[in-house]
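Read through the structure below, which is laid out as structure tokens, and then see the notes.
Protein chains in written order, with UniProt numbering: chain A, 1 to 252; chain B, 1 to 383.
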């Protein structure tokens, strides 16, 4: 049994088939990239996995558990974290509180305990902070702890969003275009971090990406999509040479 | 300029980041402690209203300022707290019991309002809360066996542990102040724990909050319940302060006043709730002063510029008619809201922060520091 599986996953908006019976599997500890032209249904697959959209048909399994019907807020609790293509940070909060929201699934304090700020809450806060600091160190974000997100540049926000996802200590992380809007140097950093997430933190990565340099550098396997259907699946070089993929990108 | 050198995670958790806060809040507390003995009884009475309005402001701030859910129904929550007190008092229930019961009942009603509000955002939520307030007002007027309808209810003098606490004495002032301080401390505790961060997360991006594992529906209901419960507690004190309550006291205008409290104070900080309450309560004597003295002053000015006594009398009459026109208060509130939204969206507390920074950075303060600018990265978000 695979670690993560999507079976005949479909998402239709009226007559538009955004995702059309897509099946794939992710093995534990691998980095799987999804590529494809604009509108191929890549982000829609992510939105199906994180339950922002309910699928029209098909099933999603994670660690042999059917998660197709789970409510969206429980997906994080299962150990699946994600980032967004257009950055969904909490703009009017500091970076620290953004990252601490990432710890939400690990907090267990009750409302009345929090109102009194009992020692258990204080201890929990310190524990969360320690974990957050590990992520800050991992992604070199030391300079921004008390900065408001609304005042930070795009490239930094992109990294902070990754940091917030890592703070939830996920087993599987979904990265939606991690390099969009980043310059060459920042993309290079990103590829190191994605590799390190796999080797040092043991996180399985599923990622949507347009930058083929990044895809080639980090991915173990690649899936190519077009019009909601899988065109090719395999190693990065295999997929790039596949005639259907070439046709999709360059026109037949 | 002060630099905070943090050496412990505790430095980011504690309520007072450095000793300067303890000094300034200490001075404030000392002033508030001697206030009832040095100020006139009228000003002390106004201070009690400041405390009650600020408590409601803190409650509304949790819901609107931190969770991002607007409400124009908080007068109804205040009414439920007030009527619970008046009703239970008839059966000789002691104050601590009906004080907590008022908060609890209002909290439950708040949670019930929170459920239908889950599917509504923005202006629709505002309309839903207004309708809720109308329903409560109507129920209070019609349910005569409990609320005595439009006759209203008399609230007996508060008695605490066998001691009478008259609503004009210093003891009642200290009671209201104590409730306000405890509410603020509780709210600050909440805001530095996971629940408070979940509230802020919902305000800024529901999608992201959900994908981080925040049960958005549950936390919205929690926010409604906490906000309502705090308002209910304030309602009990409100009933005692006025010693008489009737349905027409808890109208839409009162809800709008509460919105003014947080809007003018600044919707991002609890300081805002207190500053807004001071502003709103203290503008009332100012308006009364205008009503009484403005016609005399204007007529006097006209007389100095050579108007004869008949013209001066006419001017006096006209100005007096305008100053005592019906609904003038509402109009002035409206103008104040518009001006604040346009020119100082961060409210009084935002202005205070700017003044503080000016002196901290002097003479290096740059005019452009707080220039508002458009942000373009917020495109096609998932909603």
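Note that the Cβ used here is the ideal one computed from N, Cα and C, for glycine as well.
It should be emphasised that the depicted structure is a prediction, and the values quoted were computed from it without experimental measurement.
Contact list for residue i against chain B, beta-carbon separation under 8 Å
{"i": "residue 122/A", "result": "13"}
{"i": "residue 13/A", "result": "Near residue 13/A there are no residues of chain B at all, since even the closest Cβ is about 15 Å away, more than 8 Å."}
{"i": "residue 92/A", "result": "200, 203, 204, 268"}
{"i": "residue 72/A", "result": "210, 211"}
{"i": "residue 192/A", "result": "The contacting residues do not exist; residue 192/A stays about 25 Å from chain B at best."}
{"i": "residue 114/A", "result": "189, 190, 193, 194, 195, 196"}
{"i": "residue 89/A", "result": "204, 205, 208"}
Nearest residue (CA-CA) to residue i, options the options
{"i": "residue 208/A", "options": "46/A, 27/A, 13/A", "result": "46/A"}
{"i": "residue 276/B", "options": "47/B, 137/B, 119/B", "result": "47/B"}
{"i": "residue 203/B", "options": "35/B, 9/B, 69/B", "result": "69/B"}
{"i": "residue 141/B", "options": "289/B, 98/B, 227/B, 150/B", "result": "150/B"}
{"i": "residue 134/A", "options": "31/A, 169/A, 115/A", "result": "169/A"}
{"i": "residue 271/B", "options": "39/B, 18/B, 57/B", "result": "57/B"}
{"i": "residue 120/A", "options": "193/B, 289/B, 112/B", "result": "193/B"}
{"i": "residue 43/B", "options": "218/B, 250/B, 168/B, 93/B", "result": "168/B"}
{"i": "residue 103/A", "options": "244/A, 84/A, 80/A, 87/A", "result": "80/A"}
{"i": "residue 237/B", "options": "333/B, 166/B, 325/B", "result": "166/B"}
{"i": "residue 201/B", "options": "189/B, 341/B, 216/B, 356/B", "result": "216/B"}
{"i": "residue 99/A", "options": "141/A, 108/A, 64/A, 85/A", "result": "141/A"}
{"i": "residue 218/B", "options": "117/B, 34/B, 103/B", "result": "117/B"}
{"i": "residue 186/B", "options": "15/B, 214/B, 6/B", "result": "15/B"}
{"i": "residue 44/A", "options": "65/A, 64/A, 20/A", "result": "20/A"}
{"i": "residue 25/A", "options": "249/A, 239/A, 222/A", "result": "222/A"}
Buried/exposed call for residue i, threshold 16 Cβ in 10 Å
{"i": "residue 12/B", "result": "buried"}
{"i": "residue 314/B", "result": "exposed"}
{"i": "residue 380/B", "result": "Any reading at residue 380/B must be qualified, since the residue scores a pLDDT of 44, below 50, and its modelled position is unreliable; the value itself is stated next. The residue is exposed, with fewer than 16 neighbouring Cβ atoms inside 10 Å."}
{"i": "residue 196/B", "result": "buried"}
{"i": "residue 304/A", "result": "For residue 304/A there is no data in the structure shown, the boundaries of chain A being 1 and 252."}
{"i": "residue 22/B", "result": "exposed"}
{"i": "residue 183/A", "result": "exposed"}
{"i": "residue 124/A", "result": "buried"}
{"i": "residue 316/B", "result": "buried"}
{"i": "residue 232/B", "result": "buried"}
{"i": "residue 159/A", "result": "buried"}
{"i": "residue 349/B", "result": "buried"}
{"i": "residue 157/B", "result": "exposed"}
{"i": "residue 367/B", "result": "exposed"}
{"i": "residue 202/A", "result": "exposed"}
{"i": "residue 98/B", "result": "buried"}
{"i": "residue 193/A", "result": "buried"}
{"i": "residue 343/B", "result": "exposed"}
{"i": "residue 83/A", "result": "buried"}
{"i": "residue 241/A", "result": "exposed"}
{"i": "residue 341/B", "result": "exposed"}
{"i": "residue 31/B", "result": "exposed"}
Proximal chain B residues relative to residue i, where beta-carbon distance stays under 9 Å
{"i": "residue 213/A", "result": "The contacting residues do not exist; residue 213/A stays about 24 Å from chain B at best."}
{"i": "residue 96/A", "result": "12"}
{"i": "residue 104/A", "result": "194, 197, 198, 201, 209, 212, 213, 214"}
{"i": "residue 76/A", "result": "210, 211, 212, 213, 214"}
{"i": "residue 52/A", "result": "207, 210, 211, 382"}
{"i": "residue 164/A", "result": "208, 212"}
{"i": "residue 168/A", "result": "212, 213"}
Anticipated Cβ contact below 8 Å, residue i with residue j, distance rounded
{"i": "residue 184/B", "j": "residue 264/B", "result": "The pair is not a contact, with the Cβ atoms about 18 Å apart (cut-off 8 Å)."}
{"i": "residue 90/A", "j": "residue 4/A", "result": "Not a contact, Cβ separation roughly 28 Å."}
{"i": "residue 80/B", "j": "residue 227/B", "result": "Not quite, the Cβ-Cβ distance comes to about 13 Å (not below 8 Å), so this is no contact."}
{"i": "residue 31/A", "j": "residue 235/A", "result": "Wrong, their Cβ atoms sit about 12 Å apart, outside the cutoff."}
{"i": "residue 255/B", "j": "residue 133/B", "result": "6 Å"}
{"i": "residue 229/B", "j": "residue 65/B", "result": "No, residue 229/B and residue 65/B are not in contact; Cβ-Cβ is about 17 Å, not under 8 Å."}
{"i": "residue 181/A", "j": "residue 154/A", "result": "5 Å"}
{"i": "residue 225/B", "j": "residue 85/B", "result": "About 19 Å separates the two Cβ atoms, so there is no contact after all."}
{"i": "residue 106/A", "j": "residue 56/A", "result": "Residue 106/A to residue 56/A, Cβ: 33 Å. No contact."}
{"i": "residue 182/B", "j": "residue 95/B", "result": "About 15 Å separates the two Cβ atoms, so there is no contact after all."}
{"i": "residue 149/A", "j": "residue 95/A", "result": "7 Å"}
{"i": "residue 179/A", "j": "residue 214/A", "result": "5 Å"}
Contacts of residue i in chain B (Cβ-Cβ under 7 Å)
{"i": "residue 210/A", "result": "What residue 210/A touches in chain B: nothing, since even the nearest Cβ is about 17 Å away."}
9 Å Cβ cut-off: residues of chain A touching residue i
{"i": "residue 222/B", "result": "111"}
{"i": "residue 9/B", "result": "125, 126, 129, 130, 133"}
Please name the residues in the stretch 194-213 of chain B whose beta-carbon is closer than 8 Å to at least one beta-carbon of chain A, in chain order.
194, 195, 196, 197, 198, 200, 201, 203, 204, 205, 207, 208, 209, 210, 211, 212, 213
Short of 8 Å Cβ to Cβ, which residues in the stretch 17-31 of chain A face chain B?
none
Could you please tell me which residues of the stretch 19-30 of chain B, in chain order, have their CB closer than 8 Å to any CB of chain A?
none
Mind checking the stretch 241-272 of chain B against chain A and listing, in chain order, the residues whose C-beta falls within less than 8 Å of any C-beta there?
268
Could you name the residues of the stretch 171-189 of chain B whose beta carbon sits closer than 7 Å to any beta carbon of chain A, in the order they occur along the chain?
186, 189
Name, going along the chain, the residues of the stretch 179-206 of chain A whose beta-carbon falls closer than 9 Å to a beta-carbon of chain B.
181
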